[in-house]
């Protein structure tokens, strides 16, 4: 299967809240341009240094950067 469009598998928009969750003061939502190598590298670093996949912190995020696209 060749994927040519990035879209939801099931577009059930009634279960999606129309407004984003609020963030603490001085934070804001942003849309990242993952085609920019610098932005992609920053996101990868953020996730690899702060995200773990289990409660014991044994499995750290270490997927290739292309996986994030």
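Residue numbers (my numbering): 117 to 185.
Glycine residues also receive a C-beta, built at the ideal position from the N, C-alpha and C atoms.
Fair warning: this is a prediction, and the values are worked out from it, not measured in the lab.
Check                                                                                                                             : Outcome
N-terminal and C-terminal residue of the alpha helix (DSSP H) that residue 165 is part of                                         : 153–166
Beta-ladder partner(s) of residue 133, from DSSP                                                                                  : Partner(s): none; residue 133 has no beta bridge.
Beta-carbon contacts of residue 146 that lie in its chain and below 7 Å, excluding the five residues immediately before and after : none
Residue 139 beta carbon less than 9 Å from that of residue 156                                                                    : no
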